[in-house]
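Per our numbering: the sequence shown = residues 7 to 213. No residue lacks a Cβ here, since even glycine has one placed at the ideal position from N, Cα and C. Being a predicted model, the structure only gives us computed values, none of them experimental.
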Amino acid sequence: MTLFDNQLNIFNTPNQNILPFDGEVLLYPNFYQEDGVYAIFEELKHTILWKQDAMKIYGKVVNFPRLTSWYADGDQEYIYSGVVNTPIPFTPLLLKIKEAAEAQCDKQFNSALLNYYRNGGDSMGWHSDDEKELSGNPVIASASFGATRTFQFKHKTQKNARVSVGLNNGSLLIMQGATQHHWLHQVPKTAKEMGPRINITFRDIKY
Numbered sequence: 007m008t009l010f011d012n013q014l015n016i017f018n019t020p021n022q023n024i025l026p027f028d029g030e031v032l033l034y035p036n037f038y039q040e041d042g043v044y045a046i047f048e049e050l051k052h053t054i055l056w057k058q059d060a061m062k063i064y065g066k067v068v069n070f071p072r073l074t075s076w077y078a079d080g081d082q083e084y085i086y087s088g089v090v091n092t093p094i095p096f097t098p099l100l101l102k103i104k105e106a107a108e109a110q111c112d113k114q115f116n117s118a119l120l121n122y123y124r125n126g127g128d129s130m131g132w133h134s135d136d137e138k139e140l141s142g143n144p145v146i147a148s149a150s151f152g153a154t155r156t157f158q159f160k161h162k163t164q165k166n167a168r169v170s171v172g173l174n175n176g177s178l179l180i181m182q183g184a185t186q187h188h189w190l191h192q193v194p195k196t197a198k199e200m201g202p203r204i205n206i207t208f209r210d211i212k213y
């Protein structure tokens, strides 16, 4: 087994699968290249209805180490990490970003989970996007704006199989195939001084 723990940079062939096996993850480092890519971050920062969710751990209420928001078609609620999310209608900017991701994936999305990482202390722990509402082999498109943050994968059974990649401003990461069945992913904390980052994960939820 090879240890896949190197930091990956910009690919010359962006459609190369960055996972060694049991899934497919494609990285497009400069997907959103329009001149206003920094303005996109600012508009998302100031217009998205951010909220501070919390969860109970061993009887104690603990805030998530990031802000979140849930946008979707229709009015169906979605439970994520024990939190009930009531959908907000897509903004024009979110629709534009979503349509570009859909064109790249050849896949329609009806919802988006947004995460706002305010600094290096904000994070997302190890998990798979394997909720029953996603079903089968889900296609998830992840758009990043703002500071570059490390995004890590580790295999659920092959403990030495790991991948680490930097998701930069304007990048698009597509997770598909059997990825969610076999791999966990996270955005780890960092002690480095880090600017804010906004991530949008587009999904197709089956209610």
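For G201 versus A153, is the C-beta distance shorter than 7 Å? yes
Opposite H133 in the DSSP bridges: which residues? H191
Could you check if E199 is buried or exposed, using at least 16 other CB atoms within 10 Å of its CB as the buried criterion? exposed
Quick one, are the C-beta atoms of I180 and S117 less than 7 Å apart? No, these two residues do not count as a Cβ contact at 7 Å.
G29 to E108, Cα distance in whole Å? 20 Å
Pull up the distance between the alpha-carbon of F47 and that of N205, whole angstroms please. 10 Å
Looking only at its own chain, which residues have a Cβ that is under 8 Å from the Cβ of R124, when we skip the five neighbours before and after it? R72, L73 and P202
Locate the beta strand (DSSP E) running through A78, then write down its first and last residues. L73 to A78
Buried or exposed: where does F151 fall if 16 or more other Cβ atoms within 10 Å of its Cβ makes it buried? buried
Which residues in the same chain have their Cβ closer than 6 Å to the Cβ of F70, if we skip the five residues on either side of it in sequence? If we look at F70 and ignore the five residues flanking it on each side, its Cβ neighbours are D59.
State the Cα-Cα distance for the pair M130 and R155, rounded to the nearest angstrom. The alpha-carbon atoms of M130 and R155 are separated by roughly 11 Å.
Within the same chain, show all residues whose beta-carbon is closer than 7 Å to that of K62, passing over the 5 residues directly before and after it, in chain order. none
With distances taken from CA atoms, which of Q182, V193, F27 and V171 is nearest Q110? Residue Q182 is the option with its Cα nearest to Q110.
Do the CB positions of L94 and L55 come within less than 7 Å of each other? What sits at residue 94 in the sequence shown is Ile, not Leu. Contact: yes.
Grouping DSSP H, G and I as helix and E and B as strand, with all else coil, what is I24? The answer is coil: DSSP assigns I24 none of H, G, I, E or B.
In three-state DSSP terms, what is I211? Coil, per DSSP.
Beta-ladder partner(s) of Y123, from DSSP: R203
Give the range of the alpha helix (DSSP H) segment to which E48 is assigned. V43 to T53
Should I146 be labelled buried (16 or more other beta-carbon atoms within 10 Å of its own) or exposed? I146 is classed as buried because its beta carbon has at least 16 other beta carbons within 10 Å across all chains shown.
For S148, count neighbouring Cβ atoms within 10 angstroms of its own Cβ and tell me buried if that reaches 16, exposed if not. buried
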